[in-house]
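Please read the structure below before turning to the comments.
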Amino acid sequence: MALPLLVVAAAALALLAVAALSLVCIIAHITATKMPSFQRREEEKYFVNAEGKRESVPSIHDPPTKELSVVVPSYNEEDRLPLMMDEALDYLEKRQEQDPSFTYEVIVIDDGSKDQTTKVALRYCKKYGSDKVRVLTLVKNRGKGGAVRMGVFSSRGKKILMADADGATKFADIEKVEEGLSNLQPWPDQMAISCGSRAHLEKDSIAQRSYFRTLLMYGFHFLVWFLCVKDIRDTQCGFKLLTREAASRTFSVLHIDRWAFDVELLYIAQRLKIPIAEVAVNWTEIEGSKLVPFWSWLQMGRDLLFIRLRYLTGAWQLETRKYN
1193 MALPLLVVAA
1203 AALALLAVAA
1213 LSLVCIIAHI
1223 TATKMPSFQR
1233 REEEKYFVNA
1243 EGKRESVPSI
1253 HDPPTKELSV
1263 VVPSYNEEDR
1273 LPLMMDEALD
1283 YLEKRQEQDP
1293 SFTYEVIVID
1303 DGSKDQTTKV
1313 ALRYCKKYGS
1323 DKVRVLTLVK
1333 NRGKGGAVRM
1343 GVFSSRGKKI
1353 LMADADGATK
1363 FADIEKVEEG
1373 LSNLQPWPDQ
1383 MAISCGSRAH
1393 LEKDSIAQRS
1403 YFRTLLMYGF
1413 HFLVWFLCVK
1423 DIRDTQCGFK
1433 LLTREAASRT
1443 FSVLHIDRWA
1453 FDVELLYIAQ
1463 RLKIPIAEVA
1473 VNWTEIEGSK
1483 LVPFWSWLQM
1493 GRDLLFIRLR
1503 YLTGAWQLET
1513 RKYN
């Protein structure tokens, strides 16, 4: 008698699970924006140059005129940004001295900051010139993914590096991700991505974290692996190098504007069969993270589920739309 009751209970739970999953799929589909929204406010169509005058932003669809663009998303980073900029520009200037053919630009995207991030960044624009350092101030906060996309779409480089404003990754490690990118050649349609990775530091980081944060981390890694990206151990390191073609193709169909945008970026790349390298880089945790441990991870978990379901149901598709 007990066995049939268990079978009935198991069947009921299975039906309930299927119904819940179906409901989530329907919600994910009907709430999805079919194509990513990308609109610039009038104030976001210009950089402010070293003389305080406005210059129109270029487009990712223009021919490249620099070897490297460094995109630095920044939200309330007046305290941490100087260390990163000093290290990055010192490296880039020395590299240019050694190789005059190497040209670069650093694009600081102030993502609607409430502090003096733009003012701090403009000091570097005045020091190095607006051809090398550009500051784009967004009218309102878009999220890290939205800020990076604005920078990517305003870049002039043959290669585009995403780099966090906290300077947690040593900037000289760009040579490691460049080597990773080079090793992927030949690049199909000139598209390839090289990701900096902290996976080799995981044991040390666990020793310094609480059990709760470690549990959240493992839960997030499992969801990333199960739902979206299987072959990259560290999707969230903010040090990624893309060819111009790969950046244009992936960011043109990117929907997620906040923390989980890296996962969607790599998910898109895998769907498009863009080769991806994962390269170990030096990384140091810097105080002042904008990530709120529980709520940010909860938001990312929701985004991961919706990434998979919306592509699975066809609500999101890999159609390219050309943005100016």
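Positions 1193 to 1516 (the working numbering) are the ones given, in order, by the sequence shown.
Cβ coordinates follow ideal geometry from the N, Cα and C atoms, glycine included.
*Residue range of the unbroken alpha helix (DSSP H) whose run includes Pro1265*: In the sequence shown, counting from the first residue as 1, residue 1265 sits at position 73. In the DSSP assignment, Pro1265 falls outside any alpha helix (DSSP H) and within the unbroken beta strand (DSSP E) covering 1258 to 1266.
*Roughly how many whole angstroms lie between the Cα atoms of Val1325 and Glu1297?*
As a first step, residue 1325 is located in the sequence shown; it is residue number 133 there, counting from the start. As a first step, residue 1297 is located in the sequence shown; it is residue number 105 there, counting from the start. Linking Val1325 to Glu1297 through their CA atoms gives a straight-line distance of about 6 Å.
*asked:* At 4 residues or longer, what runs of the alpha helix (DSSP H) sit wholly inside the segment 1415 to 1476?
replied: Runs of the alpha helix (DSSP H) spanning 4 or more residues and lying entirely within the segment 1415 to 1476 occur at 1436 to 1443, 1453 to 1463, in chain order.
*asked:* Please report the straight-line C-alpha distance between Lys1258 and Met1354, rounded to a whole angstrom.
replied: Here residue 1258 is taken as the residue at index 66 of the sequence shown, counted from 1. Here residue 1354 is taken as the residue at index 162 of the sequence shown, counted from 1. The C-alpha of Lys1258 lies about 15 Å from the C-alpha of Met1354.
*Look up Met1383 in the DSSP assignment and say whether it is helix, strand or coil.*
As a position in the sequence shown, residue 1383 is number 191, starting the count at 1. Coil.
*Which residues in the same chain as Asp1358 place their Cβ atom closer than 7 Å to its Cβ, once the five residues preceding and following it in sequence are excluded?*
Position 166 of the sequence shown, counted from the first residue, corresponds to residue 1358. Excluding sequence neighbours, Asp1358 sits near Arg1272, Met1276, Ile1478, Gly1480.
*Measuring CB to CB, does Leu1433 end up less than 8 Å from Leu1373?*
Taking the sequence shown and counting its residues from 1, the one referred to as residue 1433 is at position 241. Taking the sequence shown and counting its residues from 1, the one referred to as residue 1373 is at position 181. Yes, they are a contact pair.
_Length of the line joining the Cα atoms of Gly1335 and Asp1449_ = For the purposes of this step, residue 1335 is taken as residue 143 along the sequence shown, with counting starting at 1. For the purposes of this step, residue 1449 is taken as residue 257 along the sequence shown, with counting starting at 1. Their Cα atoms are separated by approximately 5 Å.
_Just to check my reading of the structure: Ile1499 and Glu1456 have Cβ atoms closer than 8 Å, yes? What is that Cβ distance to the nearest angstrom?_
Within the sequence shown, the letter at position 307 stands for residue 1499. Within the sequence shown, the letter at position 264 stands for residue 1456. With 8 Å as the limit, Ile1499 and Glu1456 qualify as a contact, their Cβ atoms being about 5 Å apart.
*Report the rounded CA-to-CA distance for Arg1494 versus Val1445, giving the unit in angstroms.*
In the sequence shown, the residue the question calls residue 1494 occupies position 302. In the sequence shown, the residue the question calls residue 1445 occupies position 253. The alpha-carbon atoms of Arg1494 and Val1445 are separated by roughly 19 Å.
_First and last residue of the uninterrupted alpha helix (DSSP H) at Arg1390_ = Your numbering for residue 1390 matches position 198 in the sequence shown. It is not in any alpha helix (DSSP H) - Arg1390 carries neither H nor E in the DSSP assignment.
*Local Cβ density within 10 Å of Leu1314, reported as buried at 16 or more and exposed below that*: Position 122 of the sequence shown, counting from 1, holds the residue named residue 1314. Counting Cβ neighbours within 10 Å, Leu1314 comes out buried, since at least 16 surround it.
*Give a yes or no on contact between the segment 1301 to 1316 and the segment 1408 to 1420, applying the rule of three or more CB pairs nearer than 8 Å.*
The answer is no - the segment 1408 to 1420 does not touch the segment 1301 to 1316, with fewer than three Cβ pairs under 8 Å.
*Can you tell me the Cα-Cα spacing of Trp1379 and Thr1435, whole angstroms?*
On the sequence shown, residue 1379 is found 187 positions in, with the first residue counted as 1. On the sequence shown, residue 1435 is found 243 positions in, with the first residue counted as 1. Approximately 9 Å, taken between the alpha carbons.
*Provide the residue span of the alpha helix (DSSP H) that contains Asp1278, from first to last.*
The residue labelled residue 1278 in the question sits at position 86 within the sequence shown. For Asp1278, the uninterrupted alpha helix (DSSP H) run begins and ends at 1273 to 1290, by DSSP.
_Please report the straight-line C-alpha distance between Val1391 and Val1473, rounded to a whole angstrom._
For this step, residue 1391 is matched to residue 199 along the sequence shown. For this step, residue 1473 is matched to residue 281 along the sequence shown. As written in the sequence, residue 1391 is Ala, which differs from the Val given in the question. Taking the straight line from one Cα to the other gives about 9 Å.
*Mind checking Glu1269: buried by the 16 CB within 10 Å criterion, or exposed?*
The count along the sequence shown starts at 1 and reaches residue 1269 at position 77. Burial check for Glu1269: the Cβ neighbour count within 10 Å reaches 16 or more, so the residue is buried.
*What are the residues that DSSP puts in a beta bridge with Ile1299?*
Numbered from its first residue, the sequence shown carries residue 1299 at position 107. DSSP, once it has assigned bridges, lists Val1263, Arg1326 as partnering Ile1299.
_Nearest-angstrom beta carbon gap, Leu1458 and Thr1505 [assumed within contact, 8 Å]_ = Along the sequence shown, one-based indexing puts residue 1505 at 313. Along the sequence shown, one-based indexing puts residue 1458 at 266. Not quite, the Cβ-Cβ distance comes to about 20 Å (not below 8 Å), so this is no contact.
*Out of curiosity, what's the CA-to-CA distance linking Ile1398 and Gly1411?*
The residue you call residue 1398 lines up with position 206 of the sequence shown. The residue you call residue 1411 lines up with position 219 of the sequence shown. Any reading at Ile1398 must be qualified, since the residue scores a pLDDT of 43, below 50, and its modelled position is unreliable; the value itself is stated next. Each residue's Cα considered, the two are about 14 Å apart.
*Around the Cβ of Ser1322, are there at least 16 other Cβ atoms within 10 angstroms (buried) or fewer (exposed)?*
By one-based count along the sequence shown, residue 1322 stands at place 130. Answer is buried; the Cβ neighbour count reaches 16.
*What residue range is occupied by the uninterrupted alpha helix (DSSP H) comprising Arg1315?*
Numbered from its first residue, the sequence shown carries residue 1315 at position 123. Note, Arg1315: alpha helix (DSSP H), 1309 to 1320.
*Outcome for Val1331 when other beta-carbon atoms lying within 10 angstroms are tallied against a minimum of 16*: Within the sequence shown, residue 1331 is the residue found at index 139, counting from 1. Answer is exposed; the Cβ neighbour count stays below 16.
*Distance between Pro1196 and Cys1387 (C-alpha atoms, nearest Å)*: Taking the first residue of the sequence shown as position 1, residue 1387 is located at position 195. Taking the first residue of the sequence shown as position 1, residue 1196 is located at position 4. Rounded to the nearest angstrom, the two C-alpha atoms are 53 Å apart.
_Counted within 10 angstroms of its Cβ, other Cβ atoms place Thr1329 as buried (16 or more) or exposed_ = In the sequence shown, counting from the first residue as 1, residue 1329 sits at position 137. Buried, by the Cβ-count rule.
*DSSP on Phe1239, reduced to helix/strand/coil?*
Residue mapping note: residue 1239 aligns to position 47 of the sequence shown, counting from 1. Correct three-state label for Phe1239: strand.
*How is Gly1349 classed by DSSP in three states: helix, strand or coil?*
Taking the first residue of the sequence shown as 1, we reach residue 1349 at position 157. Strand at Gly1349.
*For Gly1338, which residues from the same chain have a beta carbon less than 6 Å from its beta carbon, with the 5 sequence-adjacent residues on both sides left out?*
As a working note, residue 1338 is residue 146 in the sequence shown. Result list for Gly1338: Asp1449, in chain order.
_Residue environment, Thr1476, which counts as buried when at least 16 other CB atoms sit within 10 Å_ = For the purposes of this step, residue 1476 is taken as the residue at position 284 of the sequence shown. Exposed.
*beta strand (DSSP E) containing Arg1246: first to last residue?*
By one-based count along the sequence shown, residue 1246 stands at place 54. In this chain, the beta strand (DSSP E) harbouring Arg1246 covers 1246 to 1248.
*What residues match up with Met1517 in a beta bridge as DSSP calls it?*
Here the chain comprises residues numbered 1193 to 1516, so residue 1517 is not present and cannot be evaluated.
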